[in-house]
Amino acid sequence: MNTLELIPSDAATQTPVGLQVVALANDADPSTLALAGVDRIELNFPKFTDGRAFSQAYLLRRRLDFKGDIRATGDVLVDQLLQMQRSGFSSAVLRADQNLAHAQRQLAHFAGFYQGDAAQPQPHFTARGATA
Numbered sequence: 105m106n107t108l109e110l111i112p113s114d115a116a117t118q119t120p121v122g123l124q125v126v127a128l129a130n131d132a133d134p135s136t137l138a139l140a141g142v143d144r145i146e147l148n149f150p151k152f153t154d155g156r157a158f159s160q161a162y163l164l165r166r167r168l169d170f171k172g173d174i175r176a177t178g179d180v181l182v183d184q185l186l187q188m189q190r191s192g193f194s195s196a197v198l199r200a201d202q203n204l205a206h207a208q209r210q211l212a213h214f215a216g217f218y219q220g221d222a223a224q225p226q227p228h229f230t231a232r233g234a235t236a
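Residue 105 is where the sequence shown starts when you use my numbering, and the numbers rise one by one after that.
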């Protein structure tokens, strides 16, 4: 199930008035954030090989129970989207050279996963009707 909102780089807009957004450096500890009133946390991928934002997103969703938007920004490639979704990101601004149609197909490629993740914590085998 696709839960990741894809945003083309040319459609990334200014933050709406009244929306509280925090941009978290990728070397910062998410547990130091005051999350009360925060609507969106932007996690940056300075280059596609720097995956620290994956860990930050997972910590925000699972350990800190952040319910708002966690947005991936920076060097966001189609190849990373599935893992972003599974790590807890809810939106991603694609790098300018990334194709939106390819990104949507990437997210639709798998219907589900056996193991749990930040988006769906329960493993597949515990689903209703599953037998041991």
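Even glycine gets a Cβ: it sits at the ideal position worked out from N, Cα and C. Since the structure is predicted, the reported quantities are computational estimates derived from the model, not experimental observations.
- Around the Cβ of Thr177, a 10 Å sphere holds 16 or more other Cβ atoms; the residue is buried.
- The DSSP-derived three-state label of Phe149 is strand.
- DSSP places Ala138 in the coil class of the three-state scheme, outside both helix and strand.
- Ranked by Cα distance from Phe149, the first of Gln210, Ala212, Phe193 and Ala207 is Phe193.
- Checking the DSSP bridge columns, you'll see Leu128 partnered with Leu147.
- For Arg175, no alpha helix (DSSP H) segment is defined; the enclosing uninterrupted segment is the beta strand (DSSP E) at Asp173 to Gly178.
- Contact between Ile145 and Val121 does not hold, since their C-beta atoms are separated by about 18 Å, which reaches or exceeds 8 Å.
- Collapsing the DSSP output to three states places Val197 in a strand.
- If you draw a straight line from the Cα of Asp179 to the Cα of Ala132, it comes to about 18 Å.
- For Leu110, the beta-bridge partners assigned by DSSP are Ala196.
- Around Ala200, the same chain offers Ser113 as residues with beta carbons nearer than 6 Å, after the five sequence neighbours per side are excluded.
- In the assembly as shown, Gln118 is an exposed residue. Its beta-carbon has fewer than 16 other beta-carbons within 10 Å.
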